[in-house]
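Chains as they are written, first to last, in the numbering used here: chain A, 13 to 99; chain B, 207 to 413. Working notes, structure below.
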């Protein structure tokens with residue numbers, strides 16, 4: 013949607029995952045970054061996909077509802093293998 | 207490396223255990239959730255989490271101080287899981303990353319059109335993500351969990367799964383597209399959408 017960069021939108025969109033995962037060479041990354049600065053259309057999709065990836069990276073961060081009972085169970089198994097009891 | 211000569215065996219053991227508690231046991235909730243994503247079953251997940259910590263404790267001397275303990279625990283957990291499932295050597299199906307990239311773009315346009323451009327900024331999607339992952343075929347799910355949840359690089363994931371990087375990339379892109387599709391459908395069912403401002407959308411076909 014922009015004529016101000018040397019890389020067409022189609023290529024930018026095709027690189028969305030490689031770019032967001034940082035699995036891309038530095039020169040291409042910079043060209044895409046410049047394109048995204050100027051092109052709302054591509055930037056909107058990158059923002060959407062980036063939010064998707066951030067949501068997933070946070071999946072393991074919430075506490076679990078049975079943390080205490082599981083902790084007790086794990087500690088009991090460890091103690092059976094020589095782990096000292098907490099004082 | 208210098209070891210204080212006066213340290214008794216019991217003291218050395220005490221130190222190891224304090225380290226294990228501080229470094230490893232603090233990740234218990236994360237490992238439990240990771241085990242849950244892998245097994246898709248609470249009881250199996252708890253068994254797997256317990257076995258992971260036991261294994262980690264018995265092999266604590268192989269942990270490199272200063273490295274990422276959370277990642278180390280996930281690796282142990284995954285290996286234990288794969289061993290029980292015996293599915294590490296799954297046959298590769300024919301996959302086309304380009305088609306999945308195109309599909310991903312189409313999903314985004316579709317989502318934006320019905321007012322879901324900010325869908326993934328919602329904080330209440332966690333359970334839907336987990337259910338979505340549960341519904342995806344194992345080889346795609348493994349790639350998504352390794353890279354998106356665990357934070358592996360494509361190369362690390364390829365080593366873990368015993369497949370080429372190109373295969374990991376294909377499976378990852380397919381897995382993400384399938385997961386997004388599920389989440390968008392979920393959002394639609396939950397009424398998160400806003401009606402389109404214009405008339406009917408054009409004839410794009412989602413595959």
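Glycine residues also receive a C-beta, built at the ideal position from the N, C-alpha and C atoms.
Would you kindly report the start and end of the unbroken alpha helix (DSSP H) that includes residue i?
i, result
"residue 68 (chain A)", "52-69"
"residue 352 (chain B)", "Counting along the chain, residue 352 (chain B) falls outside any alpha helix (DSSP H), and DSSP gives it neither H nor E."
"residue 392 (chain B)", "371-395"
"residue 266 (chain B)", "Looking at the DSSP string, residue 266 (chain B) is not in any alpha helix (DSSP H), and its letter there is neither H nor E."
"residue 80 (chain A)", "79-92"
"residue 343 (chain B)", "Careful: residue 343 (chain B) lies outside any alpha helix (DSSP H) and carries neither H nor E."
"residue 241 (chain B)", "234-245"
"residue 230 (chain B)", "It is not in any alpha helix (DSSP H) - residue 230 (chain B) carries neither H nor E in the DSSP assignment."
"residue 362 (chain B)", "360-367"
"residue 23 (chain A)", "21-26"
"residue 316 (chain B)", "303-319"
So which residues of chain B does residue i contact, with C-beta pairs closer than 7 Å?
i, result
"residue 90 (chain A)", "259, 260, 263"
"residue 63 (chain A)", "326, 327"
Report the neighbours of residue i on chain B: residues whose CB is nearer than 8 Å to its CB, in chain order.
i, result
"residue 79 (chain A)", "234, 235, 238"
"residue 19 (chain A)", "By Cβ distance, chain B contributes nothing, its closest Cβ being about 15 Å from residue 19 (chain A), past 8 Å."
"residue 25 (chain A)", "307, 311"
"residue 85 (chain A)", "252, 256"
Which residues in chain A have a C-beta closer than 8 Å to the C-beta of residue i? List them in chain order.
i, result
"residue 360 (chain B)", "33, 35"
"residue 386 (chain B)", "64"
"residue 355 (chain B)", "68, 69, 71, 72"
"residue 398 (chain B)", "Those do not exist, as residue 398 (chain B) stays about 14 Å from chain A at its closest Cβ, beyond 8 Å."
Residues in the same chain with beta-carbon distance under 6 Å from residue i, minus the five sequence neighbours each way, listed in chain order, please.
i, result
"residue 215 (chain B)", "none"
"residue 392 (chain B)", "334"
"residue 306 (chain B)", "379, 380, 383"
"residue 295 (chain B)", "Note on residue 295 (chain B): pLDDT 48, under 50, position unreliable in the model; no value is reported."
"residue 24 (chain A)", "44, 47, 54"
Are the C-beta of residue i and some C-beta of chain B separated by less than 8 Å?
i, result
"residue 56 (chain A)", "yes"
"residue 93 (chain A)", "yes"
"residue 74 (chain A)", "yes"
"residue 71 (chain A)", "yes"
"residue 82 (chain A)", "yes"
Please confirm if residue i has its CB atom under 8 Å from at least one CB of chain A.
i, result
"residue 298 (chain B)", "Confidence is the limiting factor: at residue 298 (chain B) the pLDDT is only 49, short of 50, which leaves the residue's position unreliable and the question unanswerable from this model."
"residue 314 (chain B)", "yes"
"residue 331 (chain B)", "yes"
"residue 323 (chain B)", "yes"
"residue 287 (chain B)", "no"
"residue 269 (chain B)", "no"
"residue 395 (chain B)", "no"
"residue 212 (chain B)", "no"
Going along the chain, which residues of its own chain have a beta-carbon closer than 7 Å to the beta-carbon of residue i, five neighbours each way excluded?
i, result
"residue 346 (chain B)", "377, 380, 381, 384"
"residue 326 (chain B)", "none"
"residue 375 (chain B)", "303, 360"
"residue 413 (chain B)", "Caution is warranted here: a pLDDT of 35 is assigned to residue 413 (chain B), below 50, making its placement in the model unreliable, and the coordinate value is therefore given only provisionally. Only 309 meet the Cβ criterion."
"residue 363 (chain B)", "349, 352, 353, 374"
What does a CB cutoff of less than 8 Å around residue i pick up in its chain, not counting 5 residues either side in sequence?
i, result
"residue 72 (chain A)", "none"
"residue 400 (chain B)", "320, 321"
"residue 266 (chain B)", "222, 225, 226, 230"
Since I believe residue j is in contact with residue i (beta carbons under 8 Å), could you give me their beta-carbon distance rounded to a whole number of angstroms?
i, j, result
"residue 244 (chain B)", "residue 351 (chain B)", "7 Å"
"residue 338 (chain B)", "residue 388 (chain B)", "4 Å"
"residue 241 (chain B)", "residue 259 (chain B)", "With 8 Å as the limit, residue 241 (chain B) and residue 259 (chain B) do not qualify as a contact, their Cβ atoms being about 10 Å apart."
"residue 279 (chain B)", "residue 82 (chain A)", "Not really, about 14 Å apart at Cβ, beyond 8 Å."
"residue 48 (chain A)", "residue 54 (chain A)", "6 Å"
"residue 69 (chain A)", "residue 355 (chain B)", "7 Å"
"residue 93 (chain A)", "residue 264 (chain B)", "7 Å"
"residue 276 (chain B)", "residue 366 (chain B)", "With 8 Å as the limit, residue 276 (chain B) and residue 366 (chain B) do not qualify as a contact, their Cβ atoms being about 15 Å apart."
"residue 251 (chain B)", "residue 262 (chain B)", "No, residue 251 (chain B) and residue 262 (chain B) are not in contact; Cβ-Cβ is about 16 Å, not under 8 Å."
Would you mind telling me which residues of chain A sit closer than 7 Å to residue i, beta carbon to beta carbon, in chain order?
i, result
"residue 223 (chain B)", "95, 96"
Taking 8 Å as the CB-CB cut-off, is residue i touching chain E?
i, result
"residue 241 (chain B)", "The question asks about chain E, but that chain is absent: this structure's protein chains are A and B."
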